[in-house]
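Q: Going by the UniProt record's numbering, the first residue of the sequence shown is number 1, and it counts up by one from there. Just so it is clear, CB atoms sit at the ideal spot from N, CA and C, and this is done for glycine as well. Pasting a structure here, questions to come.
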Amino acid sequence: MQIDIYSPDSYLQGIPHQQFAWLRANDPVHWHQHPAGGGYWAISKHADILAVSRDHKSFSAQQGFVMVDDLPAEILPMAQGQLLGMDPPQHGPIRRAVITRFTSKMLANLEPQIRSITQSIMANARDIGEVNFVESLAGDLPTAVIGSMLEIPTDMWPQIRAWSDMQTSGDDPDLGGSPEQINQASVEMGTYGYQLATERKDQGGDDLISLLINTEVDGHQVDEMEFASLFIQITVAGNETTRGLISSGMHQLMQQPELYQQLQDNPSMIPGAVEEMLRWTCPLHYFRRTATCDTEIRGQKIAKGDKVVMLYSSGNFDEEVFTDPMRFDIERNPNPHLSFGHGIHLCLGANLARMEARIFLEEFFKTFSGIEMAGDTAYIRSNSIHGFKQMPVRLLPR
1 MQIDIYSPDS
11 YLQGIPHQQF
21 AWLRANDPVH
31 WHQHPAGGGY
41 WAISKHADIL
51 AVSRDHKSFS
61 AQQGFVMVDD
71 LPAEILPMAQ
81 GQLLGMDPPQ
91 HGPIRRAVIT
101 RFTSKMLANL
111 EPQIRSITQS
121 IMANARDIGE
131 VNFVESLAGD
141 LPTAVIGSML
151 EIPTDMWPQI
161 RAWSDMQTSG
171 DDPDLGGSPE
181 QINQASVEMG
191 TYGYQLATER
201 KDQGGDDLIS
211 LLINTEVDGH
221 QVDEMEFASL
231 FIQITVAGNE
241 TTRGLISSGM
251 HQLMQQPELY
261 QQLQDNPSMI
271 PGAVEEMLRW
281 TCPLHYFRRT
291 ATCDTEIRGQ
301 KIAKGDKVVM
311 LYSSGNFDEE
321 VFTDPMRFDI
331 ERNPNPHLSF
341 GHGIHLCLGA
351 NLARMEARIF
361 LEEFFKTFSG
371 IEMAGDTAYI
381 RSNSIHGFKQ
391 MPVRLLPR
């Protein structure tokens, strides 16, 4: 089989399941050429992705960062200041400083605010009728939640989303731009984060920014420059992946109306359904690591300095782990999907994303009696982000 899982065009119809299935069966540690020269090891099996994720000594997130394409020299240091691009020992104290703000108690306190935001979004969409579900429903919620948690002025929320889209969907003609524009978006976003941190230093606020930069955890206090990088990660991750989860999950329910009805009638099933939506939609296709020493995976020798790319959206359909993986099963249990990563880089906002998706579905079923497609969907042209950019729907209010 001709394998090209690098080209963004390979993802215009969604996850390239046929190619991934062939790799899992025939070449699970596959050397893939990179169009700029060289190449990388594509890891497609669930067990191998777990093993690489756990072994941060042999596989670095910091060396070269986590994207398959090497970043420009002027952007790389800021990217390496993001938690997802940090190795121990720098990683631990900063992650703990952040994770203390994402406790179950904090999330429980946030739930009424998220529900109120969701109800407002539903009320606005209710009067429109036909909308692009991605922008008007699925995209508005995570932007508003992150904006509220960070107390970013509401007039800046569209800019935050635009910066985020530019960095994650740069290869898409409708969302991206030139390499220079993408780099500029990253710099502008980091600069804005630095500005917010500077303004709130020692001001006694209780927003997430103030809590992060004014609290010492394990002897470490996040400074303004560290927060600038954290700001990019928190806002980009909060926007892109939750938007993809909600819109792609709803699309799948629309393909199987009996499941839509089942969830509508039994809201207690929603948390389990969200886990299957995460497995099925896998909002992020991959992350990269770089080998810090000569090693091997599944008997294949990996040289020091080689790029290793973990294909989460392949691992989520591994036949050795998931029974009948091409069946969307909202009662699947267990469901050890890889959509939030694994190991020390497990997604910080995993439970926030779960809660947003759960509340969204609960409120959607209360507000609307149904939903219908009103045109053709279009995926983001990206080998990194998996989600729709267009999903025209007709909403049927109660």
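1) Find out if the Cβ-Cβ distance for the pair H56, P88 is shorter than 8 Å.
2) Buried or exposed for R288, please, with buried defined as at least 16 other CB atoms from any protein chain shown within 10 angstroms of its CB.
3) Comparing C-alpha positions only, which one of N335, G139 and P153 sits nearest to I246?
4) Using 8 Å as the threshold, is the stretch 259-268 in touch with the stretch 324-332, meaning 3 or more CB pairs across them?
5) Could you pull the DSSP bridge partners for R95 from this structure?
6) Is the distance from the Cβ of V308 to the Cβ of W22 below 8 Å?
7) Tell me the DSSP secondary structure of N26 in three-state form.
8) Is any heavy atom of the ligand MN found at a distance shorter than 7 Å from the C-beta of A47?
9) What residues are listed by DSSP as bridge partners for G39?
10) Starting from E356, trace the alpha helix (DSSP H) both ways and give me its first and last residue.
11) By the 10 Å Cβ neighbour count, where 16 or more other Cβ atoms means buried, how is W31 classified, buried or exposed?
12) Look at the Cβ atom of G315, then the Cβ atom of L284, and state whether they are nearer than 8 Å.
13) Are the CB atoms of I234 and E362 nearer to each other than 8 Å?
14) Starting from the N-terminal side, write out each stretch of the beta strand (DSSP E) that is 3 residues or longer and does not extend beyond the stretch 217-296.
15) Taking C-beta to C-beta, are M355 and L107 nearer than 8 Å?
16) Decide if S229 is buried, meaning its Cβ has at least 16 other Cβ atoms within 10 Å, or exposed.
17) Runs of 3 residues minimum, wholly inside the stretch 53-99: which ones carry the beta strand (DSSP E) assignment?
18) Going by beta carbon distance, what residues of the same chain come within less than 7 Å of D202, once the five residues before and after it are set aside?
19) Please classify residue 407: is it buried, with 16 or more other beta-carbons within 10 angstroms of its beta-carbon, or exposed?
20) So is N383 buried or exposed if we call it buried at 16+ other beta carbons inside 10 Å?
21) Within 8 Å, do at least three Cβ pairs link the stretch 147-162 to the stretch 369-386?
22) Which residues in the same chain have their Cβ closer than 7 Å to the Cβ of A125, if we skip the five residues on either side of it in sequence?
23) Does the stretch 341-348 touch the stretch 41-55, meaning 3 or more C-beta pairs lie closer than 8 Å?
24) Could you have a look at N132 and say whether DSSP puts it in helix, strand or coil?
25) Does T168 pass the burial test, meaning 16 or more other C-beta atoms within 10 Å, or should it be called exposed?
26) Between P8 and the rest of its own chain, which residues show a CB-CB distance below 7 Å, the 5 nearest in sequence each way excluded?
27) When the Cα atoms are used, what is the spatial distance from L208 to N109?
28) Which first and last residues belong to the alpha helix (DSSP H) in which M310 is found?
29) How far does the beta strand (DSSP E) with L150 in it reach, from first residue to last?
30) List the endpoints of the continuous alpha helix (DSSP H) containing L107.
31) What residue range is occupied by the uninterrupted alpha helix (DSSP H) comprising P179?
32) So for P142, helix, strand or coil by DSSP?
33) Which residue wins for smallest C-alpha separation from M254, given the options T100, F365 and I385?
34) So F65 and L348 are supposed to be a Cβ contact under 8 Å. How far apart are they, rounded?
35) At the level of alpha carbons, what is the spacing between G81 and A291?
36) Report yes if the CB atom of R298 is closer than 8 Å to the CB atom of V29, and no otherwise.
A: In short:
1) Going by C-beta atoms, H56 is nearer than 8 Å to P88.
2) By the neighbour-count criterion, in which 16 or more other beta carbons inside 10 Å mark a residue as buried, R288 falls on the buried side.
3) Check the Cα spacing between I246 and each of N335, G139 and P153: the tightest is with G139.
4) Yes, they touch.
5) Looking at the DSSP assignment, R95 forms no beta bridge with any residue, so it has no partner.
6) With respect to W22, V308 sits apart: the two C-beta atoms are not nearer than 8 Å.
7) Helix.
8) In terms of ligand content, the structure shown is empty, and the ligand MN therefore cannot be addressed.
9) In DSSP, G39 forms a bridge with Q33.
10) E356 -> alpha helix (DSSP H) spans A350 to T367.
11) Per the 10 Å Cβ criterion, exposed.
12) Not a contact, by the Cβ cut-off of 8 Å.
13) Their beta carbons are not under 8 Å apart, which means I234 does not touch E362 by this criterion.
14) Counting only runs of 3 or more, we get 286-291.
15) Contact annotation: M355 and L107 have beta-carbon atoms nearer than 8 Å.
16) Buried, by the Cβ-count rule.
17) Listed in chain order, nothing qualifies, since the stretch 53-99 has no complete beta strand (DSSP E) run of 3 or more residues.
18) Excluding sequence positions up to five before and after D202, its CB lies within less than 7 Å of the CB of N214, all in the same chain and listed in chain order.
19) Since the first and last residues shown for the chain are 1 and 398, residue 407 lies out of range.
20) It is buried - the Cβ of N383 has at least 16 other Cβ atoms within 10 Å.
21) With contact defined as three or more Cβ pairs closer than 8 Å, the stretch 369-386 and the stretch 147-162 are not in contact.
22) So the list reads V131, S136, L137 and L395, once near-sequence residues are dropped.
23) Judged by Cβ distances under 8 Å, the stretch 41-55 makes contact with the stretch 341-348, as three or more pairs qualify.
24) Per DSSP, reduced to three states, the secondary structure at N132 is strand.
25) Classification for T168: buried.
26) Leaving aside the five residues that flank P8 on each side, the residues in its chain whose CB is nearer than 7 Å to its CB run, in chain order, D171, R381, S382 and N383.
27) Going from the Cα of L208 to the Cα of N109 covers about 13 Å.
28) Element bounds for M310: not the alpha helix (DSSP H) but the beta strand (DSSP E), K307 to L311.
29) L150 -> no beta strand (DSSP E), and no H or E assigned at all.
30) Unbroken alpha helix (DSSP H) run through L107: S104 to R126.
31) Note, P179: alpha helix (DSSP H), P179 to R200.
32) DSSP places P142 in helix when its eight states are reduced to three.
33) Considering only alpha carbons, the answer is F365.
34) That belief does not hold up - the Cβ atoms of F65 and L348 are roughly 17 Å apart, past 8 Å.
35) When rounded, the distance between both Cα atoms is 19 Å.
36) The Cβ atoms of R298 and V29 lie closer than 8 Å to each other.
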